[in-house]
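Report on the structure given below.
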Amino acid sequence: MKDFYRISVAGLERDLPLCKVNDDLYIAGFVIFGDVELTVACAKELLKRAPEHDIMITAESKGIPLLFEMARQNGETTYILARKSPKLYMRDIISTSVDSITTANTQTLFIERKDVEKMKGKRVLIVDDVISTGESLHALEKLVSEAGGNIVGKMAILGEGDAYNRSDIEYLAYLPLFNPDGSEKKI
54 MKDFYRISVA GLERDLPLCK VNDDLYIAGF VIFGDVELTV ACAKELLKRA
104 PEHDIMITAE SKGIPLLFEM ARQNGETTYI LARKSPKLYM RDIISTSVDS
154 ITTANTQTLF IERKDVEKMK GKRVLIVDDV ISTGESLHAL EKLVSEAGGN
204 IVGKMAILGE GDAYNRSDIE YLAYLPLFNP DGSEKKI
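Numbers in the working numbering are just positions in the sequence shown, counted from 1, shifted up by 53.
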C-alpha cells in the first residue's frame, strides 16, 4: 500500500502522508505549517488570481500562514481570522457552527465586533488551505454575510475530492480522496 501522495502545486512538489478518516476514506495530509517555501509560493500564485478586495478572512488554523503571507505580499495591513474558540480579548462575538472532514466534532467559528466592522459593506475574499466538503467555507460565508460583507471570491490552495469541480472557488491544484489501499477514489 502506498502511504503518501506526491503533489505538485505552485511549482513545488511535496509528499503528503495518507491519513485515515474512516474505514473507507483516507485523505492526503496537506499542512503548510513550517513550510515557508510552499506558503510563499502558494500565496504568490493565489494573489495572481485573486479578485479586487478590501479584506481577507480565513478560519483558524491552517489558513493563518497563507493569509498572512498573502496580505504581506499584497501590501495589506490587516486580515480577519475566524477563531475556533472565543478568546478573552474578543468583544461582542458572533459565531457559527461547522462540521469539517478533518475534525472529529462540530466546531464553532467566532469573530468579534471589530472584525464585523472591518467587513461591513466591504469586498471580502475568503481564503483557506484546502476545501473539501465546503463546510468550513460555508461557515465563513455565513459569518461574512452576517457581518454585512460582500463576498467577491473564494480561494484555496487545493480543491479536495468533489470540491475541485465547484466553479465558485478558485484553486491551485486538485487533491484526490483515497481508498484504504492508497488508490485514488473515483469522483
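Glycine is no exception: its CB is placed at the ideal position from the N, C-alpha and C atoms.
(Q) Given this structure, state the Cα-to-Cα distance separating V205 from F121, to the nearest angstrom. (A) 19 Å
Q) Should Y142 be labelled buried (16 or more other beta-carbon atoms within 10 Å of its own) or exposed? A) exposed
Q | Same chain only: Cβ atoms within 8 Å of R42, ignoring 5 sequence neighbours per side | A | There is no way to answer for residue 42, as the model of the chain reaches only from 54 to 240.
Q | Residues near Y79 in its chain [Cβ-Cβ closer than 8 Å; skip 5 each side] | A | L71, C72, K73, L230, F231, N232, P233, G235
Q.
Mapping the DSSP letters down to three states, classify R219 as helix, strand or coil.
A. coil
(Q) Assuming L91 is part of the alpha helix (DSSP H), what are its boundary residues? (A) 89-102
Q. Got a sec? Which residues, its chain only, sit under 8 Å from G201 by beta carbon, not counting five neighbours each side?
A. V169, M172, K173, G174
**Q.** Cβ distance (whole Å) where A209 is taken to contact I184 below 8 Å
**A.** 4 Å
Q: In angstroms with no decimal places, state the Cα-to-Cα distance between F86 and E113.
A: 12 Å
Q: Examine the Cβ distances between the stretch 158-166 and the stretch 85-105 and report whether three or more of them are shorter than 8 Å.
A: no
(Q) Quick check: F83 and L228, are their CB atoms within less than 8 Å of each other? (A) yes
Q) Do L134 and I117 come within 8 Å of each other at the CB atom, strictly closer than that value? A) yes
Q | Simplified DSSP state of F231, which is helix, strand or coil | A | strand
Q. For E165, which option in A63, T131, K140 has the closest C-alpha, if you only look at C-alpha atoms?
A. K140
(Q) Buried or exposed, going by whether 16 or more other CB atoms sit within 10 Å of the CB of H191? (A) exposed
Q) With a cut-off of 8 Å, does the C-beta of I60 fall near any C-beta of chain D? A) Although the question refers to chain D, the structure presented lacks it and comprises just one protein chain.
Q: Determine the direct distance from the alpha carbon of D145 to that of Y224, and round the result to whole angstroms.
A: 34 Å
Q | Contacting residues, own chain, Cβ-Cβ under 8 Å from D88 (five flanking each side not counted) | A | R67
Q.
What does the alpha-carbon distance come out to for the pair V177 and T131?
A. 12 Å
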